[in-house]
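Before any comments, here is the structure.
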Amino acid sequence: MSLKVYNVLTRAKEDFITLTPGVVKMYACGITVSGDAHIGHAYQSVVFDVITRYLRYAGYDVKYVRNYTDVDDKIIANAAKAGEDPIEFAEKFMAQTDKEMDALGNAHPTIMARATQCIDDIINFVQKLIDSGHAYVSEFGDVYFRLDSFSEYGKLSHIQVDKNDTGVRKDVEPGKQNDLDFALWKSAKPGEIAWDSPWGKGRPGWHIECSAMNLKYLGEQIDIHGGGRDLVFPHHENEIAQTESLTGKQFAKYWIHCGLVKVNGQKMSKSLNNGILLKDVLAKYDADTIRFALLRNTYSADIDITDSLLPESLKHVYKMYSVFNSLKDRDFSMSDKAKTEAKIKEITDGFEKAMNDNFNTLEVIAASFGWFNFINAELTKKTTEYDLQAIADKIKELFGVLNILQQKPEEYIANIRSKILQQNNLNAEDIEKAISERATAKQNKDWATADKIRAEMLDKGIVLKDGTTGTSWDINL
Ligand SMILES: [Zn+2]
Numbered sequence: 121m122s123l124k125v126y127n128v129l130t131r132a133k134e135d136f137i138t139l140t141p142g143v144v145k146m147y148a149c150g151i152t153v154s155g156d157a158h159i160g161h162a163y164q165s166v167v168f169d170v171i172t173r174y175l176r177y178a179g180y181d182v183k184y185v186r187n188y189t190d191v192d193d194k195i196i197a198n199a200a201k202a203g204e205d206p207i208e209f210a211e212k213f214m215a216q217t218d219k220e221m222d223a224l225g226n227a228h229p230t231i232m233a234r235a236t237q238c239i240d241d242i243i244n245f246v247q248k249l250i251d252s253g254h255a256y257v258s259e260f261g262d263v264y265f266r267l268d269s270f271s272e273y274g275k276l277s278h279i280q281v282d283k284n285d286t287g288v289r290k291d292v293e294p295g296k297q298n299d300l301d302f303a304l305w306k307s308a309k310p311g312e313i314a315w316d317s318p319w320g321k322g323r324p325g326w327h328i329e330c331s332a333m334n335l336k337y338l339g340e341q342i343d344i345h346g347g348g349r350d351l352v353f354p355h356h357e358n359e360i361a362q363t364e365s366l367t368g369k370q371f372a373k374y375w376i377h378c379g380l381v382k383v384n385g386q387k388m389s390k391s392l393n394n395g396i397l398l399k400d401v402l403a404k405y406d407a408d409t410i411r412f413a414l415l416r417n418t419y420s421a422d423i424d425i426t427d428s429l430l431p432e433s434l435k436h437v438y439k440m441y442s443v444f445n446s447l448k449d450r451d452f453s454m455s456d457k458a459k460t461e462a463k464i465k466e467i468t469d470g471f472e473k474a475m476n477d478n479f480n481t482l483e484v485i486a487a488s489f490g491w492f493n494f495i496n497a498e499l500t501k502k503t504t505e506y507d508l509q510a511i512a513d514k515i516k517e518l519f520g521v522l523n524i525l526q527q528k529p530e531e532y533i534a535n536i537r538s539k540i541l542q543q544n545n546l547n548a549e550d551i552e553k554a555i556s557e558r559a560t561a562k563q564n565k566d567w568a569t570a571d572k573i574r575a576e577m578l579d580k581g582i583v584l585k586d587g588t589t590g591t592s593w594d595i596n597l
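Structure follows, in structure tokens:
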């Protein structure tokens with residue numbers, strides 16, 4: 121089985137063959153730290169985290185570079201509004217975002233690059249484009265990429281730009297020779313944060329930052345370039361124009377884009393005021409639940425964060441941990457080794473088949489329902505021929521690629537239970553007290569009271585379960 125990847129550049133699912141055997145060079149555009157990270161940032165970062173983890177699972181040595189855009193118009197504007205220094209403002213949100221990405225369970229990229237730490241590399245890059253005629257300096261000290269100097273412009277987005285359009289909107293960007301040209305270097309306005317350059321004080325444009333970081337950390341050619349679909353045009357198109365004009369070589373072999381995030385069917389936007397901040401989601405839900413919700417989707421499709429998505433996901437993850445937990449203290453020493461191994465192989469093959477099909481995590485999660493149903497069904501039998509613990513261990517290992525189900529089941533369950541009890545102003549003693557009061561009522565054949573206690577507990581999110589050894593309780597998710 122070999123990995124197939126949908127390549128946005130060719131609009132086709134292709135065999136994944138790296139530039140150097142066994143090595144993957146991957147870059148994904150990161151966050152512009154002009155404020156709090158939102159659920160869209162979480163989605164994109166989890167997708168590329170899982171792609172990295174699967175490539176490592178498949179045996180590749182992966183070098184994954186991700187960036188922070190820590191200087192741009194929005195950062196400068198938002199910092200000014202807050203009365204803060206733009207560098208300190210960006211630092212603050214980078215530190216906060218780092219913490220949130222850790223809490224979300226993302227592994228650290230091999231390199232976290234920052235625009236402001238690559239200024240010299242950016243200046244060198246721009247100078248080379250000027251020297252080769254791909255860029256020009258305006259009379260105002262801005263540097264623009266000459267779009268009609270790159271004949272393949274539009275090959276990623278398949279957007280046809282009219283290169284003969286020479287209309288110049290001098291009012292918007294004076295000094296620009298063609299409307300389609302884009303800024304590589306922006307001269308500083310008075311009082312604005314700026315760096316020295318051969319063209320005067322200024323700061324880099326957004327697109328050049330990623331081209332320069334790629335060249336610096338990964339070289340002239342990379343295997344995978346990723347980002348959100350909203351970056352295809354113009355950002356990624358411009359990255360291709362810059363890098364390929366400089367090197368004369370194909371920049372990225374595979375372009376991978378994840379879908380956009382919607383909230384209850386609507387685009388997330390400022391005007392609708394329906395943005396979901398990552399910190400708010402993390403305050404309410406654990407990382408396993410959030411990752412399960414985001415990965416129960418094909419990454420290239422848009423994801424809809426409905427009101428029921430996270431509660432539903434919590435229910436599934438809690439159930440999976442509960443199945444793992446129910447295996448403890450069981451004895452599988454009499455199990456059939458060959459049958460167990462065959463089951464493990466079937467599960468592993470199913471996992472790899474799904475992931476090899478363009479990292480189809482939706483398919484993995486769908487298949488996993490069958491795996492857990494299998495364990496549950498075997499558990500209800502008096503005896504089982506399978507070593508269910510060994511099967512569960514394999515499922516845990518495979519879910520490591522999604523970084524879900526990696527906690528100790530009893531700890532996860534205890535954490536979720538105490539969270540739910542807290543939300544309902546309950547404690548375990550209250551529940552035990554209700555159980556014993558209900559037992560007394562039942563002894564007195566006072567069924568009405570017994571039913572009332574049960575209903576009251578259910579209202580508070582607690583389900584009472586009568587079994588052969590008495591009554592136990594669980595949270596009712
Ligand atoms: Zn980028």
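Add 120 to a position in the sequence shown, counting from 1, and you land on the number used in the numbering used here.
The beta-carbon is built from N, C-alpha and C at its ideal position, and this holds for glycine as well.
Under DSSP, Ile595 forms a beta bridge with Ile582.
Here Gly155 has Asn198, Phe213 as same chain residues with Cβ atoms under 7 Å from its own Cβ, once five neighbours each way along the sequence are excluded. Beta-carbon to beta-carbon, Val263 and Trp319 are separated by about 6 Å, close enough to satisfy the 8 Å threshold. Secondary structure in the region 176-215: the beta strand (DSSP E) runs of 3 residues or longer, each lying completely within the stretch, are 181-189 in chain order. Per the coordinates, the alpha-carbon of Lys145 lies some 5 Å from the alpha-carbon of Asp343. Restricting attention to Arg176, Thr500, Ser446, the CA atom closest to the CA of Ala512 is found in Ser446.
DSSP places Asp135 in the uninterrupted beta strand (DSSP E) bounded by 132-135.
The alpha-carbon separation between Pro431 and Asp400 amounts to approximately 14 Å.
In this structure, DSSP gives His436 a helical state, which the three-state scheme calls helix. In the DSSP secondary-structure assignment, Val125 is bridged to Glu134.
A distance criterion of 7 Å places the beta-carbon of Glu357 beyond contact range of ligand 1, judged by its closest non-hydrogen atom. At least one heavy atom of ligand 1 lies closer than 7 Å to the C-beta of Gly347. If you check the C-beta of Cys238 against ligand 1, you find no heavy atom less than 7 Å away. Set against 7 Å, the gap from the CB of Cys330 to the closest heavy atom of ligand 1 is smaller. DSSP links Cys238 through a beta bridge to no other residue. In the structure shown, the three-state DSSP call for Arg450 is coil. Residue nearest to Pro206 within the set Asp190, Ala474, Glu272 is Asp190 (criterion: CA-CA distance). If you look at Ile485, you'll find it in the alpha helix (DSSP H) that goes 481-500. A Cβ-Cβ contact shorter than 8 Å links Leu139 with Gln341. The beta-bridge partner set that DSSP reports for Lys145 consists of Lys183. Its Cα nearest to that of Ala132, the residue Tyr374 stands out among His356, Tyr374, Val281.
Counted as a single uninterrupted DSSP element, the alpha helix (DSSP H) harbouring Asp513 occupies residues 508-519. Boundaries of the beta strand (DSSP E) harbouring Ala255: 255-257, taken from the DSSP string.
Placement of the Cβ of Cys378 at a distance of 7 Å or more from every heavy atom of ligand 1 is found.
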